[in-house]
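Comments concern the structure below.
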Amino acid sequence: MIEPAPHELPRTAFIATFGGIYEHSSWVAETLYDQGLSEDDSDPTKLAKRMATIVDAADEERQMALLCAHPELAGKLAISGSLTAESAAEQASAQLDQCSAKEFAEFQNLNQRYQENFGHPFIIAVRGLNRAKILAAFRKRVDNSAQIEFHTALAEVHKIAQLRLDQLDSSID
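Dropping the structure here:
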């Protein structure tokens, strides 16, 4: 259970706590707060489902903006140290900050191809994965259709949100 209970937080504290669950998309937490919160929202899984419903109900333009808010894996923001704390920790957990020169070059090539094909960065919930698994998924997904990849990327964003809520819950314990 998330403590303090989300439904007990004032709006500004709620947004400060949950505004980064969806990368640079505090509108998800703002919309959720405005819809009203209950004791059930202290359960990270229930809160994640409510947030996912808000994202899924958004128009395609807003969903695309959410996808575009995510950083490239082992990309420019990682190199410059400009990732959000959440993204930096997630990429480090998969050791993306320790790529060999060959792996780094492949990430750069795939990032460019993917962006050209789909108009947003490649998104995968990296926690629990290693570089080899991430690269294998990247190689496979770069040739998906735009429609399949849009839905796959959104599903991955939802996984990331659930993982972030779970981590927030466990860090409070």
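Whatever position you read off the sequence shown (first residue = 1), add 21 for our numbering. Idealized CB from N, CA, C, for every residue including glycine.
query                                                                                             : result
Under the three-state DSSP convention, the category CYS89 falls into                              : helix
Of the listed residues PHE171, GLU93, ASN165, GLN56, nearest to GLU44 (C-alpha basis)             : GLU93
Beta-carbon proximity list for ALA174, same chain, < 6 Å, skipping 5 on both sides                : LEU88, ILE144
GLU60 (DSSP reduced to helix, strand or coil)                                                     : helix
Nearest to TRP48 (by Cα), restricted to the options PRO25, ILE75, SER63, PRO65                    : ILE75
Complete runs of the alpha helix (DSSP H) confined to the region 112 to 192 [at least 4 residues] : 122 to 139, 152 to 162
HIS45 in three-state terms, based on DSSP                                                         : coil
PHE39 versus ALA79: straight-line alpha-carbon distance, rounded                                  : 18 Å
Alpha carbon of ASP65 to alpha carbon of ASP187, nearest angstrom                                 : According to the sequence shown, residue 65 is Pro rather than Asp. Using only the alpha carbons, I get a separation of about 6 Å.
Cβ-based neighbour list, PRO27, same chain, cut-off 8 Å, excluding 5 preceding and 5 following    : PHE35, THR38, PHE39, LEU58, ASP62, SER63, LEU68
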